[in-house]
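One structure is given below, encoded as structure tokens.
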Amino acid sequence: MYKAVSANKRNTIIIMALFIGIVSAVGWAVATLYGQPLITPWVIGGAALYALFQYFAASKLAVAMTGAKEIKKSDNPRLWRIVENLAITTGMPMPKVYVMDDPAPNAFATGRDPKHAIVAATTGIMEVMNDRELEAVMAHELGHVKNYDIRVSMITFGLVSAIGVLSDIALHMMFFGGGDRRDTNPIVYVVGIVVILLAPIVAMLVQFAISRQREYLADATGVLTTRDSEGLASALEKLGQYGQPMKRQNTSTAHLFFSNPLKSGFLSKLFSTHPPLEERVSRLRKNADTF
356 MYKAVSANKR NTIIIMALFI GIVSAVGWAV ATLYGQPLIT PWVIGGAALY ALFQYFAASK
416 LAVAMTGAKE IKKSDNPRLW RIVENLAITT GMPMPKVYVM DDPAPNAFAT GRDPKHAIVA
476 ATTGIMEVMN DRELEAVMAH ELGHVKNYDI RVSMITFGLV SAIGVLSDIA LHMMFFGGGD
536 RRDTNPIVYV VGIVVILLAP IVAMLVQFAI SRQREYLADA TGVLTTRDSE GLASALEKLG
596 QYGQPMKRQN TSTAHLFFSN PLKSGFLSKL FSTHPPLEER VSRLRKNADT F
């Protein structure tokens, strides 16, 4: 388990370095096509500032996009006590608790660190899960908080958005920005266009890789908290039975959720930010004796 945590931290550093490489590639493409090498550092600096803004603001934006509402203990004593007990068990600060009025069974965590964490659950997941299963789900979400996945997710969200915006601006500049590019080598021009077009796709694939690995890690962390791998396995199996798309769907926040909140289909499975439920259940039961 602890080897997996260390490996995921190393992989995260590598993946975040890839994001910097993608931003640099977009900057190089624009700088080369315009013959202005100083464009590259400005592009990288702008992306860094955008990511910094997202670091502080993205969690509030994510909550607003899901329609979640903050609750107090008196509003939902069952959910509140489960989260409170788990926070005490893990020695973490009590996160803010939110509820989403949605029949789809799901949950998510967000924030930049354990002191500024938010956990949320849908009304649907509280209806289909018993206390044991709901505790397992919320332990998984607090696992994301404990492992600082919420911070990585927010930074990743910001960088993916920044790369998309940069690519759009770069394409607009190339086709409508004017300027004399008659001396540009046609091969360089083609390479620049390819880099700019592929950058958002590569960034999304990196986002998927981060999310899938960290779902497995949060499953393991949650089980170490509850000492109940079967509780989480049972909760995941119920998601297979009762799962449905959420009313408010957004691809930019899909990676935050316990289960994929988007409408199912071939493309959604191919580009899913979550590993298959069956694979998660299989891993839990296979490693039950080692937790």
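Take 356 as the starting number for the sequence shown in our numbering and just add one per residue.
Glycine included, C-beta positions come from ideal geometry on N, C-alpha and C.
With 16 or more other Cβ atoms inside 10 Å of its own Cβ, Gly586 counts as buried. Beta-bridge annotation (DSSP): Val452 is paired with Val474. Separation of Lys602 and Ser589 (C-alpha to C-alpha, rounded to the nearest whole angstrom) is 24 Å. A residue is called buried once 16 or more other Cβ atoms fall within 10 Å of its Cβ, and Ile437 is buried on that count. Separation of Asn642 and Ala494 (C-alpha to C-alpha, rounded to the nearest whole angstrom) is 17 Å. Cβ contact annotation for Trp397 (same chain, cutoff 8 Å, sequence separation greater than five): Gly382, in chain order.
Apart from the 5 residues on each side of it in sequence, Ser414 sits with its Cβ closer than 8 Å to the Cβ of Thr465, Gly466, Arg467, His471, Ile473, Ile505, Met509 in its chain, given in chain order. Beta bridge pairing from DSSP links Ala462 with Ala476. For Glu592, same chain residues with a beta-carbon under 7 Å away, outside a window of 5 residues either side, are Val636 in chain order.
Contact between the stretch 567 to 587 and the stretch 479 to 499 is present: three or more C-beta pairs spanning the two stretches fall below 8 Å. Burial is judged here by how many other beta carbons sit within 10 angstroms of a residue's own beta carbon; Lys428 has fewer than 16 and is exposed. Within a 10 Å sphere around the beta-carbon of Arg582 sit fewer than 16 other beta-carbons, which makes this residue exposed.
Exposed is the label assigned to Pro392, since fewer than 16 other Cβ atoms lie within 10 Å of its Cβ. Secondary structure note for Pro432: its alpha helix (DSSP H) is the uninterrupted segment 432 to 445. Per DSSP, reduced to three states, the secondary structure at Lys428 is coil, with no helix or strand assignment.
For Phe612, the three-state secondary structure derived from DSSP is strand. By alpha-carbon distance to Tyr503, the top candidate from Met481, Ile480, Met447 is Met447. Under the three-state reduction of DSSP, Arg603 is assigned to coil, being neither helix nor strand. Taking Glu496 as the centre and dropping the five residues before and after it, the same chain places the C-beta of Ala462, Ala464, Val474 closer than 6 Å to its C-beta, in chain order.
CA-to-CA, the gap between Lys451 and Glu425 works out to about 7 Å. Going by DSSP, Gln596 is part of the alpha helix (DSSP H) stretching over 584 to 597.
Annotation for Thr608: Ala417, Met420, Thr421 place their beta carbon closer than 7 Å to its own, counting only its chain and skipping 5 residues before and after.
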